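S.K.:
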Amino acid sequence: MKYNFGAGPGKLAKEVLAEAAEAVQNFNNTGLSILEISHRSEDFIEVLNETEQLARQLLAVPDTHDIIFLQGGASSHFAMVPMNLLPDDGTAIYLDTGMWSSKAIAEAKKFGKVSVIASSVNADYSFYPKGFTVPKDAAYYHFTSNNTIYGTGTFETPQVDIPLVCDMSSDIFSRDIDVSAYSLIYAGAQKNIGPAGMTLVIVKKGILGRTGRDIPTIFDYGVHVAHRSLYNTPAVYAIYVTMLNLRWLAAKGGVSVIEQENIRKAALLYQEIDDNPLFSGTARKEDRSRMNVTFVMNAKDLEYEFSTFASQRGIVGIAGHRHVGGFRTSLYNAVDLKAVEFLVETMREFTRIKQY
Ligand SMILES: *Cc1c(COP(=O)(O)O)cnc(C)c1O
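Sequence positions in the sequence shown follow the working numbering and run 2 to 357.
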């Protein structure tokens, strides 16, 4: 038995994996594999419709917004967002809270002017900048709600007068959000939605086609909206497993129910990090992420030993990002409270053995 705390691709529920495996052999009793059916078949259109409907229902996406399922990962939207929303002579406002947002900033600069309103880079991205005012005369404001690598996040919806764009790759479906406040939300599936290979985009009607730029067709959000994610072959299997995962989430009671569970999971682990003399959290307390918990050992020379101890107990995926080091445990929706209790128990046991 493994306890998977990997940051992405992340854990999926057992039931979801069982159904996903079954469909590879025989999808919906068609005698065909989900891997070999046409994306234009009636069976797949039903999958696409249900996936969209589940996402709409779980996130309370209003009719003012379209939902599309694209390939290319969250990283492709670092470029597609400015390509679609930033005129050549326009300015976009970005908040720099980590490696992903700084990559988004670098891409946006290729299409127009970028103004970084605040950054925590000089503090190793250990906090989430606050207390600034976003100007009214810019094309859009872009931020990353949860910093997967650094373990910081915000639960607030920024109050701005310009289109709001958010990379929600690692916290979408983990908490209730007010979709109506956003012009565009994008999220790679592999953290909290489903398997790698699909990116969910929620886009407000009427914000596209205003830059005057001739966008390559495949990078034009408007084309994907008009074709309902079927302009070209979508990530059929990733969308199918996403549907299974969203059904699982709906059956659990939906986002507000899982949010309460996520709050309990994160609180339990942070409590241990704060109480245990061997460990320290790396993110400022008020900015702590509920999805990615980052910490180090106070005695650095014990890090390798703790890693080994944890992995012998079946705990996997807790190494910090390769740019950061230390530990990171990701508590995505499919990681249950029992797994977090086991991790905490393991930390305590190690501390006891080391006689701290
Ligand atoms: C993982 C991640 C990305 C990168 O996603 P890809 O699908 O690999 O391109 C971008 N932003 C955030 C916040 C992430 O967690």
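The C-beta atom is built at its ideal place from N, Cα and C for all residues, glycine as well.
Fair warning: this is a prediction, and the values are worked out from it, not measured in the lab.
Give me the Cα-Cα distance between Val242 and Gly315, rounded to the nearest whole angstrom.
M.R.: On the sequence shown, position 241 is the one that residue 242 refers to. On the sequence shown, position 314 is the one that residue 315 refers to. So the two alpha carbons sit approximately 25 angstroms from each other.
S.K.: What I want to know is whether the C-beta of Trp101 ends up closer than 7 angstroms to one or more non-hydrogen atoms of ligand 1.
M.R.: As a first step, residue 101 is located in the sequence shown; it is residue number 100 there, counting from the start. Checking the Cβ of Trp101 against ligand 1 gives yes.
S.K.: Among residues of its own chain, excluding the 5 on either side of Pro63, which ones have a beta-carbon nearer than 8 angstroms to its beta-carbon?
M.R.: As a working note, residue 63 is residue 62 in the sequence shown. Contacts found: Val180, Ser181.
S.K.: With a threshold of 7 angstroms (Cβ to nearest heavy atom), would Lys12 be considered close to ligand 1?
M.R.: Taking the sequence shown and counting its residues from 1, the one referred to as residue 12 is at position 11. Flag unset: Cβ of Lys12 not near ligand 1.
S.K.: Give the list of continuous alpha helix (DSSP H) stretches no shorter than 4 residues that lie fully inside the segment 33-109.
M.R.: If one requires a minimum length of 4 residues, the alpha helix (DSSP H) runs lying completely within the segment 33-109 are 43-59, 74-86, 100-109, in chain order.
S.K.: Does DSSP put Gly207 in a helix, in a strand, or in coil?
M.R.: In the sequence shown, counting from the first residue as 1, residue 207 sits at position 206. If DSSP states are grouped into helix, strand and coil, Gly207 belongs with coil.
S.K.: In chain order, what residues place their C-beta within less than 7 angstroms of a heavy atom belonging to ligand 1?
M.R.: Cβ atoms closer than 7 angstroms to ligand 1 belong to Gly9, Gly74, Ala75, Ser76, Ser77, Trp101, Thr145, Asn147, Asn148, Thr149, Asp168, Ser170, Ser171, Gly189, Gln191, Lys192, Ala197, Thr200.
S.K.: How far does the alpha helix (DSSP H) with Asp276 in it reach, from first residue to last?
M.R.: As a position in the sequence shown, residue 276 is number 275, starting the count at 1. Unbroken alpha helix (DSSP H) run through Asp276: 256-276.
S.K.: Out of curiosity, what's the CA-to-CA distance linking Val226 and Thr52?
M.R.: As a working mapping, residue 226 is identified with position 225 in the sequence shown. As a working mapping, residue 52 is identified with position 51 in the sequence shown. Rounded to the nearest angstrom, the two C-alpha atoms are 15 angstroms apart.
S.K.: Helix, strand or coil: which one does DSSP assign to Asp138?
M.R.: Residue numbering aside, residue 138 sits at position 137 when the sequence shown is read from its first letter. Coil at Asp138, not helix or strand.
S.K.: With distances taken between CB atoms, is the gap from Ala109 to Pro83 smaller than 8 angstroms?
M.R.: Counting from one through the sequence shown, the residue named residue 109 turns up at place 108. Counting from one through the sequence shown, the residue named residue 83 turns up at place 82. The answer is yes: Cβ separation under 8 angstroms.
S.K.: Grab me the residues of Leu55's own chain with a C-beta within less than 7 angstroms of its C-beta, minus the 5 sequence neighbours each way, in chain order.
M.R.: By one-based count along the sequence shown, residue 55 stands at place 54. The answer, listed in chain order, is Met244, Leu247, Arg248, Ala251.
S.K.: Closer than 8 angstroms by C-beta to Gly327: which residues in its own chain qualify, once you throw out the five before and the five after it? Chain order, please.
M.R.: As a first step, residue 327 is located in the sequence shown; it is residue number 326 there, counting from the start. Result list for Gly327: Thr283, Thr295, Phe296, Val297, Met298, Glu304, Gly321, in chain order.
S.K.: Which same chain residues, not among the five before or five after Ser170, have their C-beta less than 6 angstroms away from its C-beta?
M.R.: By one-based count along the sequence shown, residue 170 stands at place 169. Excluding residues within five positions, the ones whose Cβ falls inside 6 angstroms are Ala75, Ala188, Gly189, Lys192.
S.K.: Considering only the beta carbon of each residue, do Val122 and Asp97 sit closer than 8 angstroms?
M.R.: Your numbering for residue 122 matches position 121 in the sequence shown. Your numbering for residue 97 matches position 96 in the sequence shown. Yes; because the gap between Cβ atoms is below 8 angstroms, this pair is in contact.
S.K.: How about Phe174 and Pro159: are their beta carbons less than 8 angstroms apart?
M.R.: Start at 1 with the first residue of the sequence shown, and residue 174 comes out as number 173. Start at 1 with the first residue of the sequence shown, and residue 159 comes out as number 158. No, these two residues do not count as a Cβ contact at 8 angstroms.
S.K.: Hey, out of Ala8, Lys3, Met2, Lys12, whose CA is closest to Val336's CA?
M.R.: The count along the sequence shown starts at 1 and reaches residue 336 at position 335. Closest option to Val336, Cα to Cα, is Lys12.
S.K.: Given this structure, state the Cα-to-Cα distance separating Ala139 from Arg229, to the nearest angstrom.
M.R.: The sequence position of residue 139 within the sequence shown is 138, counting from 1. The sequence position of residue 229 within the sequence shown is 228, counting from 1. Cα-Cα distance, rounded: 29 angstroms.
S.K.: Determine contact between the segment 5-21 and the segment 335-352, defined as no fewer than three beta-carbon pairs at a distance below 8 angstroms.
M.R.: yes
S.K.: Given Leu36, which residues of its chain have a CB within under 7 angstroms of its CB, disregarding the five upstream and five downstream residues?
M.R.: One-based indexing of the sequence shown puts residue 36 at position 35. Here the set comprises Val25, Tyr238.
S.K.: Going residue by residue through the segment 161-225, where are the continuous beta strand (DSSP E) segments of at least 3 residues, counting only ones entirely within it?
M.R.: Restricted to the segment 161-225, the beta strand (DSSP E) segments that are unbroken, complete and at least 3 residues in length are 165-168, 185-189, 200-205, listed in chain order.
S.K.: Less than 8 angstroms between the beta carbons of Ile216 and Ser184, yes or no?
M.R.: As a working mapping, residue 216 is identified with position 215 in the sequence shown. As a working mapping, residue 184 is identified with position 183 in the sequence shown. No, these two residues do not count as a Cβ contact at 8 angstroms.
S.K.: Quick check on this structure: which residue in Arg211, Glu262, Arg265, Gln261 has the alpha carbon closest to the alpha carbon of Asn85?
M.R.: Reading the sequence shown from its first residue, position 84 is the one you call residue 85. Answer by Cα proximity: Arg211.
S.K.: Quick one: residues in its chain with C-beta nearer than 7 angstroms to the C-beta of Gly195, no 5 flanking neighbours on either side, listed in chain order?
M.R.: Taking the first residue of the sequence shown as 1, we reach residue 195 at position 194. Apart from the 5 residues on each side of it in sequence, Gly195 sits with its Cβ closer than 7 angstroms to the Cβ of Ala239, Val242, Thr243, Asn246 in its chain, given in chain order.
S.K.: Compare the C-alpha of Ala267 against each of Gly254, Glu287, Leu279, Asp44 and name the closest.
M.R.: For the purposes of this step, residue 267 is taken as the residue at position 266 of the sequence shown. The option with the nearest alpha carbon to Ala267 is Glu287.
S.K.: Going by C-alpha distance, which of Ile178, Gly99, Val117, Lys104 is nearest Tyr151?
M.R.: Residue mapping note: residue 151 aligns to position 150 of the sequence shown, counting from 1. Residue Gly99 is the option with its Cα nearest to Tyr151.
S.K.: On a Cα-Cα basis, can you pick out the residue from Val325, Arg323, Ile319, Tyr333 that is closest to Met348?
M.R.: The residue given as residue 348 occupies position 347 in the sequence shown. Minimum Cα distance to Met348 is reached at Ile319.
S.K.: Please list the terminal residues of the continuous beta strand (DSSP E) segment that includes Ala119.
M.R.: Translated into positions along the sequence shown, residue 119 becomes position 118. First-last of the beta strand (DSSP E) with Ala119: 114-120.
S.K.: In this structure, what does DSSP give as the bridge partners for Gly1?
M.R.: The requested residue 1 does not occur in the structure, where the chain is confined to residues 2 to 357.
S.K.: Give every residue of the same chain whose Cβ lies closer than 6 angstroms to the Cβ of Thr352, excluding the five residues on either side of it in the sequence, and list them in chain order.
M.R.: One-based indexing of the sequence shown puts residue 352 at position 351. Within the same chain, Thr352 has close Cβ partners Asn277, Leu279.
S.K.: Which of helix, strand or coil does DSSP assign to Asn402?
M.R.: The chain is shown only over 2 to 357; residue 402 falls outside these bounds and no answer can be derived.
S.K.: Taking the alpha-carbon positions, what's the Ser308 to Ile38 distance?
M.R.: On the sequence shown, residue 308 is found 307 positions in, with the first residue counted as 1. On the sequence shown, residue 38 is found 37 positions in, with the first residue counted as 1. Between Ser308 and Ile38, the C-alpha separation is close to 43 angstroms.
S.K.: When we look at the beta-carbon of His66 and count the other beta-carbons within 10 Å, is it buried (16 or more) or exposed?
M.R.: On the sequence shown, position 65 is the one that residue 66 refers to. Classification for His66: buried.
S.K.: Alpha carbon to alpha carbon, what distance is there between Arg265 and Ala236?
M.R.: The residue you call residue 236 lines up with position 235 of the sequence shown. The residue you call residue 265 lines up with position 264 of the sequence shown. Whole-angstrom Cα-Cα distance: 34 angstroms.
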